[in-house]
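Input: a single structure, listed below in structure tokens.
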Amino acid sequence: MAARRLTRSERKKATWGRLREASVRLCTRHGFLHVRTLDVARAAGVSHGAVFKHFPSREALVEATIQLVGRRLTDRLHELAQGRAGLRAALAAYLECVGEFEPLYARLVTEAPHLPERARRCWLGIQSAVCIHVWQALAEEERRGTIRPMPLHLLFNNWIGLVHHYLSQRDLFAPRSSVIARCGKELLEHFLSLVSVQPGR
Amino acid sequence: MVQKCVSCGMPMRTPQEHAAGDESRDYCVHCARSDGSMKSYDEALAGMTAFLVKTQGFDQEAARKAAAGMMAEMPAWKDR
């Protein structure tokens, strides 16, 4: 049986999807600040003009790309965290998730301060989702008295700052490999030893 | 897939995280008033701003701007 011809709206949706996927690939390789619409069009197999039929500007394409990445990343984080309890499990789930998205996530860490406002807003949304995830575990440990009494926002910023520092200099900490795979366990144990009332938990 | 609050985007993993513990409600316990109804935009904005200050230590005004930006993407406030 002959395949059904796609409707105009279905073709439009498919092109939109191809453009976003191509943009994800190219942003991973070149960064959000340097991705070129012409390259995205070529990678998606469409004309350069088609990019602007779907996205009014390069900035809009970058924003849509970060939204897509953010949705995938936060959905994956929630999936990994499902059914696990405790700070160790929450931090391990975060590391596992970041490890899966590492090249792109590291790009966001280093480029976010330089992104246009709307794109940066998407990054803040991702960070807030991560924060909810870690913060709930921190709050629960605090309630149980298993972590040292410290302002929770500082604990969260300590953790995120530590991981982001390693990610932003992946070439120094883990040249040509995953910094999360190489250093993640060490960072996790170090952080837990700093905050736990009884280190080794 | 975990359901997210239409007002603030918080993932709702358990019934207790839904407004009034009712899984049929698509907004979270933090975006609900004590009677279970959904908070207004201004109430939700104030709540989200306070949450950003408390959890990430942001400056009050920067937190308010960030909260407004994030809420602009939420289904409940997108077309506001």
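Chains as they are written, first to last, in my numbering: chain A, -7 to 193; chain B, 52 to 131. Where is the CB? At the ideal position from N, CA and C, for every residue including glycine.
Simplified DSSP assignment, three categories, for residue i
i, result
"PRO62 of chain B", "strand"
"SER75 of chain B", "coil"
"GLN54 of chain B", "strand"
"MET89 of chain B", "strand"
"SER26 of chain A", "Looking at the sequence provided, one finds His at residue 26 of chain A rather than Ser. The answer is coil: DSSP assigns HIS26 of chain A none of H, G, I, E or B."
"ALA33 of chain A", "helix"
"ALA52 of chain A", "helix"
"ALA83 of chain B", "strand"
"SER170 of chain A", "coil"
"SER188 of chain A", "strand"
Selected residue, minimal CA-CA separation from residue i, among the options
i, options, result
"HIS46 of chain A", "A:ARG12, A:ALA77, A:CYS19, A:ASP31", "A:ARG12"
"ARG50 of chain A", "A:GLN128, A:ALA111, A:LEU179, A:SER188", "A:ALA111"
"PHE183 of chain A", "A:TYR86, A:HIS156, A:ASN150, A:ASP67", "A:ASN150"
"VAL122 of chain A", "B:MET52, B:VAL57, B:MET61", "B:MET61"
"ARG76 of chain B", "B:ALA95, B:GLN54, B:ASP93", "B:GLN54"
"ALA52 of chain A", "A:LEU65, A:ARG28, A:ALA73", "A:ARG28"
"LEU186 of chain A", "A:ILE172, A:LEU154, A:TYR158", "A:LEU154"
"ALA127 of chain B", "B:THR106, B:GLN111, B:GLU112, B:CYS79", "B:CYS79"
"GLY37 of chain A", "A:ILE172, A:GLY78, A:SER15", "A:SER15"
"ALA114 of chain B", "A:CYS175, A:HIS40, A:SER120", "A:SER120"
"LYS33 of chain A", "A:ARG168, A:HIS26, A:VAL43", "What sits at residue 33 of chain A in the sequence shown is Ala, not Lys. When only C-alpha atoms are compared, the closest one is A:VAL43."
"VAL171 of chain A", "A:ARG140, A:PRO95, A:PHE148, A:GLU109", "A:PRO95"
"TRP8 of chain A", "A:LEU144, A:GLN74, A:PRO48", "A:PRO48"
"HIS145 of chain A", "B:PHE109, B:ARG131, B:MET121", "B:PHE109"
"TRP127 of chain A", "A:ARG(-4), A:PRO141, A:ALA82, A:LYS5", "A:ALA82"
"ARG64 of chain B", "A:GLN74, A:THR138, A:GLU109", "A:GLN74"
"VAL93 of chain A", "A:ARG21, A:LEU(-2), A:ALA6", "Note on residue identity: the sequence assigns Phe, not Val, to residue 93 of chain A. Checked all of A:ARG21, A:LEU(-2), A:ALA6; the closest Cα to PHE93 of chain A is A:ARG21."
Other residues of its chain near residue i: CB distance less than 8 Å, five sequence neighbours each side excluded
i, result
"CYS114 of chain A", "GLU55, ILE58, GLN59, GLY62"
"SER160 of chain A", "ALA98, VAL101, THR102"
Chain-order list of residues whose beta-carbon lies under 7 Å from that of residue i (same chain, five-residue window excluded)
i, result
"ALA83 of chain B", "ALA70, ALA71, MET89, LYS90"
"LEU72 of chain A", "ALA85, GLU88, CYS89"
"MET125 of chain B", "VAL57, SER58, CYS59, GLY60"
"ALA104 of chain A", "ARG112, TRP115"
"TYR198 of chain A", "Any answer about residue 198 of chain A is impossible in this case: the structure gives chain A only from -7 up to 193."
"LEU147 of chain A", "LEU130, VAL187"
Nearest-angstrom beta carbon gap, residue j and residue i [assumed within contact, 8 Å]
i, j, result
"HIS156 of chain A", "LEU69 of chain A", "Their Cβ separation, rounded to whole angstroms, is 16 Å, which puts HIS156 of chain A and LEU69 of chain A out of contact at 8 Å."
"ALA117 of chain B", "LEU103 of chain B", "6 Å"
"HIS106 of chain A", "LEU180 of chain A", "Incorrect: roughly 29 Å between the Cβ atoms, too far for contact."
Proximity test, residue i beta-carbon vs the ligand NAD heavy atom, cut-off 7 Å
i, result
"ALA52 of chain A", "Ligands are entirely absent from the displayed structure, and the ligand NAD is therefore not among its contents."
Close Cβ partners of residue i (< 6 Å) along its chain, the five nearest in sequence each way excluded
i, result
"ALA95 of chain B", "SER58, CYS82"
"LEU79 of chain A", "ALA129, GLU133"
"LYS105 of chain B", "none"
"ARG10 of chain A", "ALA36"
Output the residue ranges of the alpha helix (DSSP H) runs that lie fully inside the segment 119 to 168 of chain A and measure 4 residues or longer, sorted by chain position.
144 to 160, 162 to 165
Residue ranges of each alpha helix (DSSP H) within the segment 55 to 103 of chain A, 4 or longer
79 to 92, 94 to 103
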